[in-house]
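As structure tokens, the structure follows; a few thoughts come after it.
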Amino acid sequence: MNSKDEQMKQIQKLIVEFVKQFGPSSGKQLLNITDYIAKPVLQALVDGEHVGKLELLRENADNDENVYQNGSYTRNVKWGQEEIPIKMKRIRGENQDSQIIPKYQRIIHDKFILDVLSLASTRLSNNEIADQITSMYGFKVSPSVISNCIQTVQDEMRDWHERPLENNYPIIMIDGKVFKIKTEESGRSKYVNKTLYVVVGINADGQKELIALYVSNTESATEWMNILDNLKERGLSETCIIVSDGLKFLKEAIENVYPKAMHITCTVHMIRNAAKYVSHSMKSDFLRDLKKHIWRR
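Mapping to this note's numbering: the sequence shown position 8 is -4, numbers consecutive.
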């Protein structure tokens, strides 16, 4: 398995755990971020790929005046239940195949959700995001193009991260998962752990909404304070219940930022943690009986 496959496998584990915890409908909730994240990120990557192709062709052409953009067209790609219109630019006399949206592809699969989540944080450095783009899509462009592409993505992400929240989430669910990201240090590549924190709000109508994503190098009380303070600054002045898997330092932060909120452990994580203390031969019966008892309550 190459490093790219291993990296995507690590990130995919995060999504699997997310869906396990928050239920099958969670996939749909992730898809609800289409307008805010998916479209601008995909468009920025497609535009970056186009400019990169132009630069490479002009560098290798006898007369770069013959290499220029030749109009554009819109391609609708489907992501979940949503259609995303993407502007595809043509290059005169050249193969129009895109590595990001290959010819005839009309569906963006879950892989793109993973890519979006790995990019959707202003706390990743430009070099980290640039490396992610190259690693995931396999195309190389000049540093200036990558920088422009990253800036577009970051601007869209910043708008999404900073958008005001309605004070209408009596329950918020928080999960933190570790995945590996490739970084460059002193000219050498290495993988370091990053934690992606996913915050889902349940509104008064019982609907789940993805309200925040954060990426951090470490987990600490200060980090959790910053995350909860950010939610409060965006408009979530109060919440009744905060559900998590017993994340370290979170309880202390809740007591400081949302002192009236009740902190409870997610049932799925509670069951999983309890199963660690049961022998393998008894685990199936134990889990079956425990789930029956919990759901009966």
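All residues carry an ideal CB built from backbone N, CA and C; glycine is no exception. The model shown is predicted, which means the values in this text are computed figures rather than measured ones.
Same chain only: Cβ atoms within 8 Å of K293, ignoring 5 sequence neighbours per side
What is shown of the chain runs -11 to 285, which leaves residue 293 out entirely.
So, helix, strand or coil for R222, using DSSP?
Judged by DSSP in its simplified three-state form, R222 adopts coil rather than helix or strand.
Can you tell me the Cα-Cα spacing of E5 and D233, whole angstroms?
Summary for E5: the model assigns pLDDT 43, below 50, so the residue's position carries little reliability, and this model does not support an answer.
Would you mind reading off the limits of the alpha helix (DSSP H) that contains A241?
Run containing A241: 238 to 245, per the alpha helix (DSSP H) assignment.
With 16 other CB atoms within 10 Å as the buried threshold, where does Q57 fall?
With fewer than 16 Cβ atoms within 10 Å of its Cβ, Q57 is classed as exposed.
Neighbour-count burial assignment, V180, 16 or more Cβ in a 10 Å radius:
V180 is exposed by the Cβ-count criterion.
Using the Cβ count rule (16 or more neighbours within 10 Å means buried), how would you classify D273?
Around the C-beta of D273, fewer than 16 other C-beta atoms lie within 10 Å, and the residue is accordingly described as exposed.
For D85, tell me which candidate among H149, H38, A241 has the shortest Cα-Cα distance.
Minimum Cα distance to D85 is reached at H38.
Spell out a yes or no on whether the segment 152 to 164 and the segment 181 to 198 are touching, meaning 3 or more CB-CB pairs, one atom from each, closer than 8 Å.
The segment 152 to 164, when compared against the segment 181 to 198, does touch it at the 8 Å Cβ threshold.
In chain order, what residues of the same chain lie with their CB nearer than 6 Å to the CB of K239, ignoring the 5 residues before and after it?
The beta carbon of K239 sits closer than 6 Å to the beta carbons of H251 from its chain, once the five residues preceding and following it are set aside; these are given in chain order.
On the criterion of 16 or more Cβ atoms from any shown chain inside 10 Å, does M161 qualify as buried, or is it exposed?
Its Cβ being crowded by 16 or more others within 10 Å, M161 is buried.
To which residues of the same chain is F10 closer than 7 Å at the C-beta, ignoring the five residues directly before and after it?
Low confidence applies to F10: its pLDDT is 40, below 50, so where it sits in the model is not reliable enough to give any reading.
Comparing alpha-carbon positions, which option in E221, G36, H268, V231 lies nearest V245?
V245 has its Cα closest to that of E221, out of E221, G36, H268, V231.
Can you give me the start and stop residues for the beta strand (DSSP E) that N181 sits inside?
N181 -> beta strand (DSSP E) spans 176 to 190.
Work out the CA separation of W148 and I199 for me, nearest whole Å.
Computed Cα separation, rounded: 9 Å.
Quick one: residues in its chain with C-beta nearer than 7 Å to the C-beta of D217, no 5 flanking neighbours on either side, listed in chain order?
For D217, where only same-chain residues beyond five positions count, the Cβ hits under 7 Å are V245.
For G36, does the count of other Cβ atoms within 10 angstroms reach 16, so buried, or fall short, so exposed?
So G36 counts as buried.
According to DSSP, what are the bridge partners of Q57?
Partner(s): I79.
Please state the DSSP three-state secondary structure of G36.
Residue state, collapsed to three classes: helix.
I need the DSSP call for A200, collapsed to helix, strand or coil.
Looking at A200 - three-state DSSP - the assignment turns out to be strand.
Straight-line Cα distance separating K66 from N205:
Going by the C-alpha atoms only, they are around 33 Å apart.
Within the same chain, show all residues whose beta-carbon is closer than 8 Å to that of A286, passing over the 5 residues directly before and after it, in chain order.
Not covered by the structure: residue 286. The range shown for the chain is -11 to 285.
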